[in-house]
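One structure is given here, and the rest of the page talks about it.
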Amino acid sequence: EDQVTQSPEALRLQEGESSSLNCSYTVSGLRGLFWYRQDPGKGPEFLFTLYSAGEEKEKERLKATLTKKESFLHITAPKPEDSATYLCAVDSNSGYALNFGKGTSLLVTP
Amino acid sequence: SQTIHQWPATLVQPVGSPLSLECTVEGTSNPNLYWYRQAAGRGLQLLFYSVGIGQISSEVPQNLSASRPQDRQFILSSKKLLLSDSGFYLCAWEEGAGRKSFFGQGTRLTVV
Chain A
695 EDQVTQSPEA LRLQEGESSS LNCSYTVSGL RGLFWYRQDP GKGPEFLFTL YSAGEEKEKE
755 RLKATLTKKE SFLHITAPKP EDSATYLCAV DSNSGYALNF GKGTSLLVTP
Chain B
14 SQTIHQWPAT LVQPVGSPLS LECTVEGTSN PNLYWYRQAA GRGLQLLFYS VGIGQISSEV
74 PQNLSASRPQ DRQFILSSKK LLLSDSGFYL CAWEEGAGRK SFFGQGTRLT VV
């Protein structure tokens with residue numbers, strides 16, 4: 695059975711303090727890995743899709759990377775507006791639906 | 014551009030009452046549509062998906078049902094709500110073969 699585990703569950707950073715969020719996965723045949731941002735009371739907002747090990751995507755202060763076992767979402771010099779829950783999801787050969795992790799709740803303080 | 018509308022944003026319903034949540038998509042045709050539930054401290058749980066009008070697949074047997082009466086309309090229903098149906102319900106549509114999903118703003122359902 696596919697498993698997606700995100701860590702840490704919660705992360706508190708000072709503004710400007712760079713860090714990384716982790717998404718480790720165990721799937722039978724990865725077809726794609728997705729990162730979403732979710733603000734409180736809102737639906738998830740698409741950030742990135744990664745398809746193969748070694749691939750990287752960047753958007754403003756965010757950079758997503760992928761290996762054969764995990765993905766990282768690197769946040770460089772975060773700002774308070776980056777505070778949100780970040781969700782990871784995988785698409786694999788074993789099922790029709792995306793398999794979501796429980797998310798990492800990020801709080802960036804001024 | 015494509016947009017997805019989901020309503021209502023919040024809903025408080027008594028146990029045993031019926032439920033109808035609606036989702037519509039604009040700017041695309043024949044999208045794959047999904048209903049998810051998100052409970053506190055848990056990941057998104059897929060409830061139903063649809064690849065076309067009248068075609069519904071259920072991922073988890075439960076007190077809910079879904080229908081797709083039109084190409085871009087997806088409805089989540091229940092005849093009698095349970096306390097355990099409380100949660101944050103999200104509708105999503107999928108863009109092409111890349112599996113990239115776009116979500117509505119969600120409905121916070123509280124069953125009392």
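Chains as they are written, first to last, in my numbering: chain A, 695 to 804; chain B, 14 to 125.
For every residue, glycine included, the Cβ atom is placed at its ideal position computed from N, Cα and C.
Since this is a predicted model, take the numbers as computed values, not measurements.
Going by DSSP, what residues sit across from residue i in a beta bridge?
i: Ser714 of chain A; result: A:His768
i: Ser701 of chain A; result: A:Asn716
i: Leu727 of chain A; result: A:Leu744 and A:Val784
i: Lys773 of chain A; result: Note: Lys773 of chain A sits in no beta bridge, so no partner.
i: Gly100 of chain B; result: B:Leu122
i: Leu60 of chain B; result: According to DSSP, which records beta bridges pairwise, Leu60 of chain B is partnered with nothing at all.
i: Ser114 of chain B; result: B:Glu107
i: Glu752 of chain A; result: A:Lys757
i: Ser799 of chain A; result: A:Ala704 and A:Thr779
i: Gln732 of chain A; result: A:Thr779
Which of the three DSSP states, helix, strand or coil, is assigned to residue i?
i: Asp785 of chain A; result: strand
i: Leu760 of chain A; result: strand
i: Pro738 of chain A; result: coil
i: Ser80 of chain B; result: strand
i: Leu792 of chain A; result: coil
i: Gly109 of chain B; result: helix
i: Ala53 of chain B; result: coil
i: Ile69 of chain B; result: strand
i: Arg706 of chain A; result: strand
i: Leu6 of chain B; result: The requested residue 6 of chain B does not occur in the structure, where chain B is confined to residues 14 to 125.
Please confirm whether residue i and residue j have their CB atoms less than 7 Å apart.
i: Ser33 of chain B; j: Ser90 of chain B; result: yes
i: Gln700 of chain A; j: Lys762 of chain A; result: no
i: Arg50 of chain B; j: Ser63 of chain B; result: no
i: Asn787 of chain A; j: Gly723 of chain A; result: yes
i: Glu107 of chain B; j: Ser99 of chain B; result: no
i: Leu94 of chain B; j: Gly119 of chain B; result: no
i: Leu781 of chain A; j: Ala758 of chain A; result: no
Q: Output, in sequence order along the chain, the residues in the stretch 64-78 of chain B whose CB is closer than 7 Å to any CB in chain A.
A: Glu72
(Q) If we require 3 or more residues per run, which beta strand (DSSP E) segments fall completely within the stretch 20-51 of chain B? (A) 23-26, 32-39 and 45-51
Q: Select from the stretch 93-115 of chain B all residues with a C-beta closer than 7 Å to any C-beta belonging to chain A, and list them in chain order.
A: Leu103, Gly111, Arg112, Lys113, Ser114 and Phe115
Q. When you check each C-beta in the stretch 717-743 of chain A against every C-beta of chain B, which residues fall closer than 9 Å?
A. Listed in sequence order: Arg725, Gly726, Phe728, Tyr730, Gln732, Gly735, Lys736, Gly737, Pro738, Glu739, Phe740 and Thr743.
Q) Residues in the stretch 789-804 of chain A with C-beta within 9 Å of chain B's C-beta atoms, listed in sequence order? A) Gly789, Tyr790, Ala791, Leu792, Asn793, Phe794, Gly795, Lys796 and Gly797
Q. If contact means a Cβ-Cβ distance below 8 Å, which residues of the stretch 776-790 of chain A contact chain B?
A. Going along the stretch 776-790 of chain A in chain order, one finds Leu781, Ala783, Asp785 and Tyr790 with a Cβ nearer than 8 Å to chain B.
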